[in-house]
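Residue numbers (the numbering used here), protein chains in the order written: chain A, 1 to 126; chain B, 1 to 126. Worksheet for the structure shown next.
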DNA sequence: CTAATTTCGCAACTCAGTTGCATTAGTACA
DNA sequence: TGTACTAATGCAACTGAGTTGCGAAATTAG
């Protein structure tokens with residue numbers, strides 16, 4: 001259970017996240033490795049890598065699924081409560097390493113947060 | 001331009017939001033009015049109502065589109081920076097009327113925020 | 001009542017994501 | 001190093017949310 005075999009496909013995907021430390025949408029990943037592997041494989045590898053804590057996922061502004069490398073996560077503890085910033089011009093996403101204070105809600109158990117800031121990134125701000 | 005005619009379909013949708021003041025996913029809305037109107041119509045009415053500031057939209061935890069009635073929004077000013085809470089058991093969404101402080105980001109222009117807290121609601125917490 | 005225009009229904013489409021199944025390729029162990 | 005077990009892959013077909021084009025129906029202004 002949960003055993004990850006080091007196949008070529010897994011290595012390819014992992015390298016993408018290692019080399020450029022930025023978030024990627026599944027769609028763009030599929031495009032990136034088109035020719036090397038099937039889109040089904042990409043989805044399944046991302047699933048496995050997320051379960052094992054190598055990457056984390058979140059929804060972009062258009063409802064598409066994005067993934068990024070985890071810093072300090074494992075299969076057991078997922079500290080992906082950090083916010084993301086998505087540029088509405090170029091669509092790029094950055095992981096933000098800042099704390100967002102969420103007020104405690106009465107009668108609600110909050111397990112995780114999905115915080116996306118939308119605006120213009122450095123390159124796109126004129 | 002942007003004139004909204006008061007058709008039966010529009011009234012039906014508006015009533016749903018007026019009567020129970022809770023967020024609805026597009027999927028559930030389509031299910032609700034099935035028989036009365038076409039799903040294309042539902043999508044288009046929601047678009048128009050959002051543009052005119054009667055409702056606002058956001059993405060739920062599964063990437064589906066949700067809508068809720070606006071309090072204090074108009075076609076010109078959209079103050080939908082409030083966070084939402086979605087229960088992972090029953091999928092219900094609540095609009096939260098609290099302020100979330102987002103630290104200012106250098107070199108980033110933040111236009112809007114998409115904040116979703118995920119957990120267990122009152123009814124689902126054992 | 002009529003004309004101009006918006007809105008609706010329908011069918012066909014797009015596209016992200018999933019599923020089932022037969023085949024391939026890691027891995028453990030002799 | 002070979003073999004057997006099982007995970008991983010490719011493919012094709014599917015699902016389901018959301019969109020588009022167009023002719024028909026309904027709303028509104030005059």
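C-beta: ideal position from N, C-alpha, C; glycine also. These numbers come from a predicted model, not from an experiment.
Assuming residue i and residue j form a contact by the criterion Cβ under 8 Å, report the distance between their Cβ atoms to the nearest whole angstrom.
| i | j | result |
| --- | --- | --- |
| residue 85(B) | residue 108(A) | 6 Å |
| residue 64(A) | residue 13(A) | Going by Cβ atoms, the distance from residue 64(A) to residue 13(A) rounds to 17 Å, so no, they are not a contact pair. |
| residue 25(B) | residue 60(B) | 6 Å |
Following the continuous alpha helix (DSSP H) through residue i, name the residue where it begins and the one where it ends.
| i | result |
| --- | --- |
| residue 47(A) | 39-51 |
| residue 10(A) | 8-19 |
Following the continuous beta strand (DSSP E) through residue i, name the residue where it begins and the one where it ends.
| i | result |
| --- | --- |
| residue 68(B) | 65-69 |
| residue 115(B) | 109-120 |
| residue 55(A) | 55-59 |
Quick check on DSSP: helix, strand or coil for residue i?
| i | result |
| --- | --- |
| residue 94(A) | strand |
| residue 28(A) | helix |
| residue 84(A) | strand |
| residue 2(B) | Low local confidence applies: a pLDDT of 49 at residue 2(B) is under 50, so the model's placement there is unreliable, and no value is given. |
Consider the Cβ of residue i: report whether some Cβ of chain A lies at a distance smaller than 7 Å.
| i | result |
| --- | --- |
| residue 47(B) | no |
| residue 122(B) | yes |
Using a Cβ-Cβ cut-off of 7 Å, state whether residue i counts as contacting chain B.
| i | result |
| --- | --- |
| residue 125(A) | yes |
| residue 21(A) | no |
Using a beta-carbon distance cut-off of less than 9 Å, what residues from the segment 98-120 of chain A approach chain B? 98, 99, 100, 101, 102, 103, 105, 106, 107, 108, 109, 110, 111, 112, 113, 114, 115, 116, 117, 118, 119, 120
Identify each residue in the segment 84-96 of chain B for which the Cβ-Cβ distance to at least one residue of chain A is less than 8 Å, and report them in chain order. Those would be 85, 88, 96, in chain order.
Residues of the segment 46-69 of chain A with Cβ closer than 8 Å to any Cβ of chain B, in chain order: Cβ contacts with chain B: 59, 61, 63, 64, 65.
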